[in-house]
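Chemist:
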Amino acid sequence: MTHARVFKDKSLLVGPREVSVSDSCFDMRLSSQICIKSNSVDDTSSQLAMISTAHEENCKQATHPNEPSEADNQSEAPYGYMKNKMSDFDKKCRRIAELIAHSKTLVAFTGAGISTSTGLPDYRGENGIRTSRKRKQPNQNTDLNHLVPSKTHMALVELHRIGLLHHVISQNIDNLHLKSGLSASVLTEVHGNATHAICETCEKVYMCNFPWNGLCNDRKCESSRRSIEQRIRARTRHGNGRLRRHVISFDQPLGDIDCAIEKCEEADVALVLGTSLRVEPFCEMAGEFADSLVIVNLQKTTTKLDRRAEVSGVRLYADCDTVMEKVMQYVMKDATYQIPSWQGQHASDFFVPEREERTLNDFLTGKTSCT
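When you line the sequence shown up against this note's numbering, it's residues 6 to 376, in that order.
In structure tokens, the structure reads:
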């Protein structure tokens with residue numbers, strides 16, 4: 006298949022780059038050398054000053070949930086969070102369900118926001134990784150192996166089961182999509198998977214049955230020509246088949262990007278869940294191709310993408326689990342419908358790198374590499 010699309014700005018391929026909200030989306034080169042860029046937009050001092058106000062409003066809402074809060078009348082809440090008028094919520098959920106039900110090729114794009122209810126932090130939210138660093142608060146390590154998929158994860162499984170969901174493209178590395186029961190054949194994890202291991206020599210990926218010595222055991226691997234003793238003594242050298250977490254850091258080539266872009270080109274509806282679309286080329290993949298764009302995220306994305314969602318589909322500032330519960334009731338045409346809960350089992354085989362001195366949060370934010 007020949008692709009004519011290329012990046013107009015070659016600087017997109019090297020180094021992190023911040024994107025202003027008025028930047029236009031770039032065309033993409035179908036190359037495995039495309040790298041992750043950090044396009045985070047720092048929170049302004051005025052947003053930080055609004056934290057205490059938001060806390061008071063939350064307390065008021067907890068006591069008087071039916072009374073409108075001052076935050077509802079503001080265009081922007083702390084850390085970019087937005088509020089919807091409650092009268093619009095059902096209408097927008099119904100519209101999302103209609104777009105899903107009538108789509109020919111629905112592709113979902115997921116970010117950290119769909120996993121926050123499981124205990125994982127997002128990046129730019131009030132308790133996100135980057136926000137905690139700005140407050141100089143320590144990040145907590147998370148045991149990914151014992152997390153349970155969220156309602157949003159399970160809703161996507163159901164949408165695929167009934168034939169409405171074509172593919173999922175995820176920025177997440179938490180393994181919760183696969184754990185939820187979603188088939189690997191309809192999932193592209195562009196940033197890798199932190200519960201998997203990859204050989205530094207032959208790039209074979211291990212999803213289970215991890216070698217006890219942390220070295221690749223594939224006979225086709227070049228490292229197998231050396232004895233185990235030789236490889237253990239020099240395990241830090243690239244040619245010795247050392248295994249590391251299969252996580253792609255900033256400025257490393259994205260995984261299976263060509264397949265992901267092909268799926269984007271086929272989509273007529275793009276369902277964006279739990280991401281502020283600040284990382285290239287994910288923002289272009291989600292916002293460039295589909296006729297209808299749906300964005301469900303508590304924070305703003307870029308002005309252009311938010312506006313495009315409002316015009317072509319739906320822009321909803323709300324919690325993903327809450328939205329998907331209501332959307333699935335409309336899709337299933339059953340007001341009592343409940344998203345099935347996860348009934349799986351936690352894996353018993355874990356990959357533990359020889360040196361786990363760097364935290365997962367450092368991998369996620371690009372503070373360190375994964376090697």
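Note that beta-carbon positions come from the ideal geometry of N, C-alpha and C, so glycine has one too.
This structure is a prediction, so every number in the text was calculated from the model and none was measured.
What beta strand (DSSP E) runs, 3 residues minimum, are completely inside the segment 205-264?
Modeler: Taking only runs of at least 3 residues, the beta strand (DSSP E) segments lying wholly in the segment 205-264 are 248-252.
Chemist: Just mark Val-316 as buried or exposed, buried being the case when its beta carbon has 16 or more other beta carbons within 10 Å.
Modeler: Taking the first residue of the sequence shown as 1, we reach residue 316 at position 311. The residue is exposed, with fewer than 16 neighbouring Cβ atoms inside 10 Å.
Chemist: Distance check for Val-112 and His-172, CA to CA, integer angstroms please.
Modeler: By one-based count along the sequence shown, residue 172 stands at place 167. By one-based count along the sequence shown, residue 112 stands at place 107. Going from the Cα of His-172 to the Cα of Val-112 covers about 5 Å.
Chemist: Can you list, in chain order, the residues of its chain whose CB lies under 6 Å from that of Gly-114, leaving out five sequence neighbours each side?
Modeler: Here residue 114 refers to the residue found at position 109 when the sequence shown is read from its first residue. A quick correction: the sequence has Phe, not Gly, at residue 114. Same-chain partners within the cutoff: Ile-174, Val-277, Ala-291.
Chemist: Quick one: using the 10 Å Cβ neighbour count with 16 as the cut-off for buried, is Ala-265 buried or exposed?
Modeler: In the sequence shown, counting from the first residue as 1, residue 265 sits at position 260. Label assigned to Ala-265: buried.
Chemist: Counting only beta-carbon separations shorter than 9 Å, does Arg-250 have a partner in chain D?
Modeler: The chain labelled as chain D is not found in the depicted structure, where only one protein chain is given.
Chemist: Rounded to the nearest angstrom, what separates Ser-228 and Arg-238 at their Cα positions?
Modeler: Indexing the sequence shown from 1 puts residue 228 at position 223. Indexing the sequence shown from 1 puts residue 238 at position 233. Near 13 Å, if we compare the C-alpha coordinates of Arg-238 and Ser-228.
Chemist: Is the segment 322-335 touching the segment 346-353 in the sense that three or more CB pairs, one from each, lie closer than 8 Å?
Modeler: No, the segment 346-353 is not in contact with the segment 322-335.
Chemist: Taking all protein chains shown into account, do 16 or more other C-beta atoms lie within 10 angstroms of the C-beta of Thr-200, making it buried, or fewer, making it exposed?
Modeler: In the sequence shown, the residue the question calls residue 200 occupies position 195. Buried.
Chemist: Ordered along the chain, which non-local residues of its own chain (more than five positions away) have a Cβ less than 7 Å from that of Gly-186?
Modeler: Mapped onto the sequence shown, residue 186 falls at position 181. Within the same chain, Gly-186 has close Cβ partners Val-162, Gly-349.
Chemist: Less than 9 Å separating the beta-carbons of Gly-168 and Glu-205?
Modeler: Here residue 168 is taken as the residue at index 163 of the sequence shown, counted from 1. Here residue 205 is taken as the residue at index 200 of the sequence shown, counted from 1. Their beta carbons are not under 9 Å apart, which means Gly-168 does not touch Glu-205 by this criterion.
Chemist: Determine the DSSP secondary structure at Ser-175, reduced to helix, strand or coil.
Modeler: As a position in the sequence shown, residue 175 is number 170, starting the count at 1. Residue state, collapsed to three classes: strand.
Chemist: Under 9 Å between the Cβ atoms of Asp-311 and Cys-213?
Modeler: Indexing the sequence shown from 1 puts residue 311 at position 306. Indexing the sequence shown from 1 puts residue 213 at position 208. Against a cut-off of 9 Å, the Cβ pair of Cys-213 and Asp-311 comes out as no contact.
Chemist: Just the Cα atoms here: how many angstroms apart are Val-336 and His-107?
Modeler: Counting from one through the sequence shown, the residue named residue 336 turns up at place 331. Counting from one through the sequence shown, the residue named residue 107 turns up at place 102. Whole-angstrom Cα-Cα distance: 10 Å.
Chemist: From the DSSP output, in three-state form, read off Val-153 for me.
Modeler: The count along the sequence shown starts at 1 and reaches residue 153 at position 148. Looking at Val-153 - three-state DSSP - the assignment turns out to be coil, as it is neither helix nor strand.
Chemist: Rounding to the nearest angstrom, what Cα-Cα distance links Thr-306 and Asn-180 in this structure?
Modeler: The residue you call residue 306 lines up with position 301 of the sequence shown. The residue you call residue 180 lines up with position 175 of the sequence shown. Cα to Cα, the separation comes out at about 25 Å.
Chemist: Can you tell me which of Asn-218, Cys-98, Pro-126 puts its alpha carbon nearest to the alpha carbon of Gly-116?
Modeler: The count along the sequence shown starts at 1 and reaches residue 116 at position 111. Of the candidates Asn-218, Cys-98, Pro-126, the one whose C-alpha sits nearest the C-alpha of Gly-116 is Pro-126.
Chemist: Note the first and the last residue of the continuous beta strand (DSSP E) segment covering Arg-320.
Modeler: Along the sequence shown, read from residue 1 onward, the residue named residue 320 stands at position 315. Run containing Arg-320: 319-321, per the beta strand (DSSP E) assignment.
Chemist: For Val-299 versus Cys-325, is the C-beta distance shorter than 9 Å?
Modeler: The residue labelled residue 299 in the question sits at position 294 within the sequence shown. The residue labelled residue 325 in the question sits at position 320 within the sequence shown. Against a cut-off of 9 Å, the Cβ pair of Cys-325 and Val-299 comes out as no contact.
Chemist: The alpha helix (DSSP H) with Phe-287 in it runs from where to where?
Modeler: To locate residue 287, count along the sequence shown from 1; it is residue 282. Counting along the chain, the alpha helix (DSSP H) containing Phe-287 begins and ends at 287-293.
Chemist: Quick one: Cα of Val-357 to Cα of Leu-220, how far?
Modeler: For the purposes of this step, residue 357 is taken as the residue at position 352 of the sequence shown. For the purposes of this step, residue 220 is taken as the residue at position 215 of the sequence shown. Cα to Cα, Val-357 sits roughly 12 Å from Leu-220.
Chemist: According to DSSP, which residues form a beta bridge with Asn-198?
Modeler: In the sequence shown, the residue the question calls residue 198 occupies position 193. In DSSP, Asn-198 forms a bridge with His-251.
Chemist: Mark Glu-234 as exposed unless 16 or more other C-beta atoms lie within 10 angstroms of its C-beta, in which case mark it buried.
Modeler: In the sequence shown, counting from the first residue as 1, residue 234 sits at position 229. Classification of Glu-234: exposed, given that the 10 Å Cβ count is below 16.
Chemist: Which residue comes first and which comes last in the beta strand (DSSP E) that contains Ser-297?
Modeler: Along the sequence shown, read from residue 1 onward, the residue named residue 297 stands at position 292. Unbroken beta strand (DSSP E) run through Ser-297: 297-301.
Chemist: Would you call the CB atoms of Ser-254 and Val-274 closer than 9 Å?
Modeler: Residue numbering aside, residue 254 sits at position 249 when the sequence shown is read from its first letter. Residue numbering aside, residue 274 sits at position 269 when the sequence shown is read from its first letter. No, the Cβ-Cβ distance between Ser-254 and Val-274 is not below 9 Å.
Chemist: Once you ignore the five residues that flank Lys-109 on each side, which residues in its own chain have a CB closer than 7 Å to its CB?
Modeler: Reading the sequence shown from its first residue, position 104 is the one you call residue 109. Only Asp-273 meet the Cβ criterion.
Chemist: Along the chain, where does the alpha helix (DSSP H) that runs through Val-332 open and close?
Modeler: Translated into the one-based positions of the sequence shown, residue 332 becomes position 327. Taken as a continuous stretch (DSSP letters only), the alpha helix (DSSP H) holding Val-332 covers 325-337.
Chemist: Less than 6 Å between C-beta atoms, sequence neighbours within five positions excluded: which residues of the same chain meet that for Asn-222?
Modeler: For this step, residue 222 is matched to residue 217 along the sequence shown. Only Pro-216 meet the Cβ criterion.
Chemist: Please report the straight-line C-alpha distance between Phe-94 and Asn-218, rounded to a whole angstrom.
Modeler: To locate residue 94, count along the sequence shown from 1; it is residue 89. To locate residue 218, count along the sequence shown from 1; it is residue 213. Using only the alpha carbons, I get a separation of about 53 Å.
Chemist: Kindly indicate which residue of Ile-203, Leu-170, Ile-119, Ser-232 has the alpha-carbon position closest to the one of Val-3.
Modeler: Because the chain spans 6 through 376 in this model, residue 3 falls outside it and cannot be assessed.
Chemist: Assign Ser-80 to one of two classes, buried (16 or more other C-beta atoms within 10 Å of its C-beta) or exposed (fewer than that).
Modeler: Position 75 of the sequence shown, counted from the start, is the residue given in the question as residue 80. Caution applies to Ser-80, whose pLDDT of 41 falls short of 50 and renders its modelled position unreliable; the value that the coordinates give is listed next. With fewer than 16 other Cβ atoms within 10 Å, it is exposed.
Chemist: Going by DSSP in three states, Phe-114 sits in which element: helix, strand or coil?
Modeler: Mapped onto the sequence shown, residue 114 falls at position 109. Here Phe-114 sits in strand by DSSP.
Chemist: Under the DSSP definition of a beta bridge, which residues are partnered with Gln-350?
Modeler: Residue 350 sits at position 345 when you count from the first residue of the sequence shown. Looking at the DSSP assignment, Gln-350 forms no beta bridge with any residue, so it has no partner.
Chemist: Check for me: the alpha helix (DSSP H) holding Leu-181 runs from which residue to which?
Modeler: The residue given as residue 181 occupies position 176 in the sequence shown. From DSSP, the alpha helix (DSSP H) with Leu-181 extends over 181-185.
Chemist: In terms of alpha-carbon separation, which member of Leu-303, Phe-294, Val-153 lies closest to Arg-313?
Modeler: For the purposes of this step, residue 313 is taken as residue 308 along the sequence shown, with counting starting at 1. Nearest option by C-alpha distance: Phe-294.
Chemist: Under 7 Å Cβ to Cβ from Asn-198, same chain only, skipping five residues before and after it: list those, please.
Modeler: Taking the sequence shown and counting its residues from 1, one reaches residue 198 at position 193. Cβ within range, chain order: Ile-178, Asn-180, His-251.
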